[in-house]
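Chemist: Per our numbering, the sequence shown runs over residues 1307 to 1793. Don't be surprised by glycine CBs; every beta carbon is placed ideally from N, CA and C. For clarity, every value in this text was computed on a predicted model and none was experimentally measured.
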Amino acid sequence: MDYKREDAAAFSVEERIKNFNEFHTPLSKEEQQKQGARCMDCGVPFCQAGMKIGNAFSGCPLNNLIPEWNDLIYKGNWEQAYYRLHMTNNFPEFTSRVCPALCEKACTCGANGDAVTTKANEYGIIENAYACGYASARVPKVRTGKTIAVIGSGPSGLAAADQLNQRGHSVTVFEREDRVGGLLMYGIPNMKLEKQIIERKINIMKEEGIEFRTGVNVGKDITAAELLKDFDRVILCCGASNPRDIKAEGRDANGIYFAVDFLKSTTKALLNGGLTDKNHISAKGKNVMVIGGGDTGNDCVGTSIRHGAKSVLQLEMMPKLPDTRAENNPWPQWPMVCKTDYGQEEAIGVFGHDPRVYQTTVKEFLKDKKGNLKGAVLVKLSPEKDPKSGRTIMKPVEGSEYKVEAELVLIAAGFLGSESYLTKAFGVEVDGRTNIATADGTHQTNVKNIFAAGDVRRGQSLVVWAIREGRDVAREVDKSLMEYTNL
């Protein structure tokens, strides 16, 4: 191969933790064209497959036409590359920043070398489109007279709204927060996705005719009956918003928060006044303990460091993943390997060591006389096979307890599903995981004219899967209204 993989350069840890801005320098247009040339136009492009292979998914859930637009970049046809990208992805400005790049893990080049820089190429396409004016409002020329309410303005809700509006239906999006974006706005830190990027796209969607109503908590401020009276169809895209708690003695101590509340308070304070209002949950000068080893936990680590935390410890219940693929996890499956993300990199740079402690959980939270958190008793865990289910369960190791100091604990243990007040308000059934239940292979709930999509239906997942859900439900809703669909 003539060209080697070149990634966008990240700012140094010392520089980037001084603020909450995005911290990568994009490649030049000329270098991006070289990276596009690395794509081999494979006979079987697993990068865009979005299918299950063995016990794991492989490739892009949106089935992006990756070889096509990589080749168009190489040829310098950036405008056509944008149109081919936008054909399958409503929001490349989001996915090119926050997606874990499932496409690259299934890239044929990556089977025996370095994968194509597909995520960075996508970033280059969309940002060039904005700079050149290709990414502009497309106002539908014809309206169908049909009305649709979308509840929730996260990625699935926005994707559904965008698709249905382009079809000519009149779409109103309801959002209970003060800003549009859902998870994108308040669940993902600004250094991963600057909020002006969201606002830039929302302004285009407004110009295209979509109405957004913020500060409206559907199920409380407005009833399901009112919505069903005023709209032909209702789509529930409310996300998996119930944070999973942990059970441990002393859980009621002051200073223990869910990660989503911590991240939301930081972003809201940042947008409202640059963190000067003192109304956010602050990690400054504190020993911080993050419970959970996923993306949200990593975001808490990075955010705490930017606050000026005294120390950061991150607990992971499961054993450390291997550094390379196991034999039962072959390419092009998603690689189950250990990765060090930006938050952990920053902790290593600031404190001199990896913040993660594996096979460990909290046995007890320690409080002072005023009920404030002062530390925790941790216990090591050992994996054991459950004789009934065959699944691996983590059991406490007797005598392995030890104490750590902590004045702030952030619980990033995942989410459990929809909030009960909403499902009760609409009378929709939920499954065993508390996600909204839908008929097999569809997004139709048990209630006529009410559909569900995104994390509220499939459970906690990725932004790219939420967009896929939004596009799929839009197709179903359109067909139910028009008796056919061209979406």
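Which partner residues of Val1756 appear in the DSSP bridge assignment?
Modeler: In the sequence as presented, Val is not what sits at residue 1756; that position holds Ile. Answer is Val1540, bridged to Ile1756.
Chemist: Using DSSP bridges, identify the partner residues of Thr1698.
Modeler: BP columns for Thr1698 point to Lys1691.
Chemist: Give, in chain order, every unbroken run of the alpha helix (DSSP H) that is at least 4 residues long and sits entirely within the segment 1587-1625.
Modeler: Counting whole runs of 4 or more residues, the segment 1587-1625 contains the alpha helix (DSSP H) stretches 1601-1613.
Chemist: Opposite Ser1364 in the DSSP bridges: which residues?
Modeler: Ser1364 is bridged to Met1357.
Chemist: Just the C-alpha distance for Asn1560 and Val1479, rounded to the nearest angstrom, thanks.
Modeler: If I take the Cα positions, the gap works out to 36 Å.
Chemist: At which residues does the beta strand (DSSP E) containing Thr1666 begin and terminate?
Modeler: 1666-1673 is the span of the beta strand (DSSP E), which, as asked, contains Thr1666.
Chemist: Since I believe Pro1689 is in contact with Pro1625 (beta carbons under 8 Å), could you give me their beta-carbon distance rounded to a whole number of angstroms?
Modeler: The Cβ separation is near 6 Å, so the contact holds.
Chemist: Look at the alpha carbon of Gly1451 and the alpha carbon of Leu1787, and state the distance between them as a whole number of angstroms.
Modeler: The straight-line gap from Cα to Cα measures roughly 10 Å.
Chemist: Across which residues does DSSP place Leu1716 in a beta bridge pair?
Modeler: BP columns for Leu1716 point to Tyr1563, Val1596.
Chemist: What's the call for Val1445, buried or exposed, on a 16-neighbour Cβ count within 10 Å?
Modeler: Per the 10 Å Cβ criterion, exposed.
Chemist: How is the beta strand (DSSP E) around Ile1457 delimited, first residue to last?
Modeler: Ile1457 -> beta strand (DSSP E) spans 1453-1457.
Chemist: Excluding the 5 residues preceding and the 5 following Val1618 in the sequence, name in chain order all residues of the same chain whose CB lies nearer than 6 Å to its CB.
Modeler: Closer than 6 Å at Cβ, skipping near neighbours: Val1594, Val1607, Ser1610, Ala1653, Pro1661.
Chemist: For Leu1687, which residues of its own chain have a beta-carbon under 7 Å away from its beta-carbon, when the five flanking residues on both sides are left out?
Modeler: Here the set comprises Met1623, Gln1665, Thr1666, Thr1667, Met1700, Lys1701, Pro1702, Val1703.
Chemist: Taking the alpha-carbon positions, what's the Ile1756 to Ile1508 distance?
Modeler: Taking the straight line joining both Cα atoms gives about 24 Å.
Chemist: Would you be able to state if there are at least three C-beta pairs under 8 Å between the segment 1368-1384 and the segment 1453-1470?
Modeler: Result no; under three Cβ-Cβ pairs closer than 8 Å.
Chemist: Assuming Ala1530 and Phe1732 form a contact by the criterion Cβ under 8 Å, report the distance between their Cβ atoms to the nearest whole angstrom.
Modeler: Their Cβ separation, rounded to whole angstroms, is 5 Å, which keeps Ala1530 and Phe1732 in contact under 8 Å.
Chemist: May I ask you to list the residues that DSSP assigns as paired with Gly1681?
Modeler: Paired residue(s): Leu1672, Glu1711.
Chemist: At the level of alpha carbons, what is the spacing between Ala1829 and Leu1569?
Modeler: There is simply no residue 1829 to check, as the chain begins at 1307 and stops at 1793 in what is shown.
Chemist: Check this for me: beta carbons of Gly1493 and Ser1459, under 8 Å apart or not?
Modeler: Against a cut-off of 8 Å, the Cβ pair of Ser1459 and Gly1493 comes out as no contact.
Chemist: Let me know the secondary structure DSSP gives Gln1750 once reduced to three states.
Modeler: Strand.
Chemist: Could you please give me the residues that DSSP links to Lys1686 through a beta bridge?
Modeler: For Lys1686, which the question treats as bridged, DSSP gives the partners Thr1666.
Chemist: Helix, strand or coil for Ile1516 per DSSP?
Modeler: Note: Ile1516 maps to coil in three-state DSSP.
Chemist: Decide if Gly1439 is buried, meaning its Cβ has at least 16 other Cβ atoms within 10 Å, or exposed.
Modeler: When all chains shown are included, Gly1439 counts as exposed.
Chemist: Under 8 Å, with one C-beta from each stretch per pair, do the segment 1364-1382 and the segment 1335-1346 reach the 3-pair mark?
Modeler: A contact exists between the segment 1364-1382 and the segment 1335-1346.
Chemist: Going by the CB atoms, is the gap between Ala1759 and Glu1778 shorter than 8 Å?
Modeler: Looking at the sequence itself, residue 1778 is Asp, so the reference to Glu does not match. Their beta carbons are under 8 Å apart, which means Asp1778 touches Ala1759 by this criterion.
Chemist: State the CB to CB distance for the pair Phe1518 and Glu1483, rounded to an integer number of angstroms; the pair is presumed to be in contact (CB under 8 Å).
Modeler: Incorrect: roughly 11 Å between the Cβ atoms, too far for contact.
Chemist: For Gly1356 and Gln1639, I'd like the C-alpha separation in whole angstroms.
Modeler: The straight-line gap from Cα to Cα measures roughly 10 Å.
Chemist: In the DSSP assignment, what residue or residues form a beta bridge with Val1779?
Modeler: In DSSP, Val1779 forms no bridge with anything.
Chemist: Going by DSSP, what residue range makes up the beta strand (DSSP E) through Thr1729?
Modeler: No beta strand (DSSP E) contains Thr1729, which is instead part of the alpha helix (DSSP H) from 1726-1732.
Chemist: DSSP beta-bridge partners for Glu1481?
Modeler: Its beta-bridge partners are Thr1520.
Chemist: Whose CA, out of Thr1630, Val1404, Gly1776, Asn1434, lies closest to the CA of Ser1334?
Modeler: For the residues Thr1630, Val1404, Gly1776, Asn1434, the minimum Cα distance to Ser1334 belongs to Asn1434.
Chemist: Hey, out of Gln1766, Thr1630, Gly1681, Lys1673, whose CA is closest to Val1596's CA?
Modeler: Answer by Cα proximity: Gly1681.
Chemist: Tell me, to the nearest whole angstrom, how far the beta carbon of Leu1533 is from that of Val1522; I am working on the premise that it is less than 8 Å.
Modeler: Not a contact, Cβ separation roughly 10 Å.
Chemist: On the CB-based measure, 16 or more other CB atoms within 10 Å of its CB, does Gln1620 come out buried or exposed?
Modeler: Per the 10 Å Cβ criterion, buried.
Chemist: Buried or exposed: which applies to Cys1644, given that a residue is buried once 16 or more other Cβ atoms fall within 10 Å of its Cβ?
Modeler: Exposed, because fewer than 16 other Cβ atoms sit within 10 Å of the Cβ of Cys1644.
Chemist: Among Pro1367, Asp1558, Asn1418, Ile1516, whose alpha-carbon lies nearest the alpha-carbon of Lys1676?
Modeler: It is Asp1558.
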